[in-house]
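Just so we're on the same page, the numbering used here is the position in the sequence shown counted from 1, plus 1. All C-beta atoms, glycine included, are put in the ideal place defined by N, C-alpha and C. The next block holds one structure in the form of structure tokens; read it before the comments.
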Amino acid sequence: MQDFIKINEKDNVVVAINTIPRGETVSVEMSGQERQITAREEIPAGHKMAVCDIPAGGEVIKYGYRIGNAKEDIRAGAWIHIHNVGTALGDLLEYSYEPVETEEKRTEDVTFMGFNRPDGKAGVRNEIWVIPTVGCVNNVATAVAAQAKAFLKGSVEDVIAFPHPYGCSQMGDDQEHTRTILADLINHPNAGGVLVLGLGCENSNIDVLLPYIGDYDENRVKFLVAQACEDEIAESVEIVKGLIDYAAGFEREPISVSRLVIGMKCGGSDGLSGITANPLVGSFSDLLISKGGTTILTEVPEMFGAETILMNRCANEELFHKTVDLINDFKNYFKSHNQTIYENPSPGNKKGGISTLEDKSLGCTQKSGSAPVKGVLQYGERVQTAGLNLLSAPGNDLVASTALAAAGAHIVLFTTGRGTPFASPVPTVKIATNSALAGKKANWIDFNAGVLVEDKDMAEETRHLFEYVVEVASGRQVCSEAAGFHDMAIFKQGVTL
């Protein structure tokens, strides 16, 4: 196995797969010729080494694209990182639609064992969800879920509470976001039954929330106002027992993967994220879409610097303009709070070898594969169009993953070079970028993409990941589910009263 990889023939850097000691000479192909490059200093695993001299102000190229400009003269063999490369990005930009040809393949259908719902949706879990309208009843919701687990039966897999700190003392978009996300989760097909638990005096009380929920099955969705009853926990548990009876009537049956919706998100990255896990998820996305399925890519700030790749894959000019708005609205959000647009990557990203936001973004967008963009969604909007969709949400792991679930994702594929135990409202598959992480944190990691720089090829691992996702959709628990973890977070932007 090589100690480094040159991702694109245009690159003037290589990425160390294993640490390259100072003084070690490596052979790199440059313009069709082998060139010997000696490391001038130790190059940590996941980090970049220059393979030619780069003058101050010159472009540093990775993935075939600029990831920043040299802050000083950089000699061949030098370690390239935040000390000698900086972002080349500016603020708001002008974009033009320059569509590229995208091939739309079709492959044979596959089925998973899921739950058909009366409204025509399909679920991959048959759980009972207890959703508080306001943070004041979080502990009640948690207590209800804990007590009601004793009454699980048949195909009903779990009773889960989703506490959050919102639902009152909010204004404007914040309040709308809370109501929209809660309604999205209430309508999610992974829940065979839902108890909406209100306090009674909150801004987003049950009566206010009902128009956001829309038409609902009265057998599936129940409501309780804590201030209107004598013992809210006991009464809630009785309601949940009835929901369990209802949901137990559903059984797993074969369902086409064309009805699957998969969210795609990355967490703390390392230098292999854009080489192993993210391209693997992109390859998976292309395969699912070829079978009529749907994927959703989010975390807009981590598209900055690579956004034109997505814009030019939009299926039409209307989607292109929606993508431009997606990007610029988030930039204006940063500017409105007097924050630097390109203040990224995080300390963990930098430690792993990511130097600039362009570096992060070009790796991040690998998760989109090569399919055309067929839909662009605002935060809280539910997916309507099969194929690749873009969703407005921040990079924060919990907020973005919750947004994916609210948009309709049955499962979230979460790539990570650093590792994390968190979950989301739906099964959250942790995909390691490197084998060391997968080995060390087997209690967190569900799938190891690190083998792609060892002895496995992309086609083989794409098939393995696809088969694994079908197993998860058919009931196989991921690590966070086995640990009993279920998280949610709502995007907060404004003041608290």
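C-beta contact flag for residue i and residue j at 9 Å
i      : j      : result
Val413 : Val430 : yes
His189 : Val427 : yes
Glu42  : Ala79  : yes
His178 : Met489 : no
Glu60  : Asn13  : yes
Ala40  : Pro22  : yes
Val157 : Ala142 : no
Phe321 : Pro100 : yes
Ser356 : Gly91  : no
Val241 : Gly409 : no
Thr299 : Leu391 : yes
Asp271 : Gly418 : yes
Ile446 : Cys480 : yes
Thr108 : Ser369 : no
Leu183 : Leu225 : no
Gln367 : Asn279 : yes
Val1   : Asp110 : As displayed, the chain neither begins before 2 nor continues past 498, which places residue 1 out of reach and without an answer.
Gly381 : Leu389 : no
Phe285 : Phe467 : yes
Phe113 : Ile297 : no
Tyr343 : Thr88  : yes
Asn204 : Tyr247 : no
Ile55  : Asp74  : yes
Lys122 : Ile62  : no
For residue j and residue i, the rounded distance between their alpha carbons
i      : j      : result
Pro395 : Gly269 : 14 Å
Thr434 : Ala229 : 51 Å
Glu35  : Tyr64  : 20 Å
Ala71  : Glu95  : 24 Å
Asn333 : Gly495 : 14 Å
Met31  : Phe5   : 14 Å
Gly168 : Thr134 : 6 Å
Ser274 : His48  : 11 Å
Phe423 : Glu303 : 20 Å
Phe331 : Asp287 : 27 Å
Lys154 : Thr341 : 52 Å
Gln478 : Ala77  : 48 Å
Val454 : Lys7   : 12 Å
Gly451 : Asn350 : 17 Å
Gly353 : Glu233 : 48 Å
Gln3   : Glu254 : 46 Å
Whole-number beta carbon distance between residue j and residue i, since they are thought to touch under 8 Å
i      : j      : result
Arg67  : Glu359 : 7 Å
Val138 : Leu200 : 5 Å
Thr103 : Arg314 : 6 Å
Gly193 : Ala474 : Going by Cβ atoms, the distance from Gly193 to Ala474 rounds to 15 Å, so no, they are not a contact pair.
Gly294 : Ala387 : 7 Å
Leu281 : Met50  : Contact doesn't hold; Cβ gap of about 24 Å is too wide.
Ile129 : Leu244 : 5 Å
Ser393 : Gln379 : 5 Å
Lys493 : Asp175 : 6 Å
Ser500 : Leu198 : Shown here, the chain extends from 2 to 498; a query on residue 500 therefore has no answer.
His411 : Val125 : 5 Å
Assigned secondary structure, residue i (DSSP; H/G/I helix, E/B strand, else coil)
i      : result
Pro348 : helix
Pro255 : strand
Leu569 : Shown here, the chain extends from 2 to 498; a query on residue 569 therefore has no answer.
Gly293 : coil
Gly364 : helix
Arg108 : The amino acid occupying residue 108 in the given sequence is Thr; Arg does not appear at that position. Looking at Thr108 - three-state DSSP - the assignment turns out to be coil, as it is neither helix nor strand.
Gln34  : strand
Arg67  : strand
Glu25  : coil
Asn191 : coil
Phe285 : helix
Phe163 : coil
Thr357 : coil
Lys332 : helix
Gly91  : coil
Phe321 : helix
Leu1   : The chain is shown only over 2 to 498; residue 1 falls outside these bounds and no answer can be derived.
Lys150 : helix
Met114 : strand
Cys230 : coil
Exposure of residue i, with buried meaning 16 or more beta-carbon neighbours within 10 Å
i      : result
Val52  : buried
Glu482 : buried
Glu497 : Just to set this straight, residue 497 is Thr in the shown sequence, not Glu. Exposed, since its Cβ has fewer than 16 Cβ neighbours within 10 Å.
Asn85  : buried
Ser28  : exposed
Lys441 : exposed
Gln385 : exposed
Asp218 : exposed
Glu308 : buried
Asn339 : exposed
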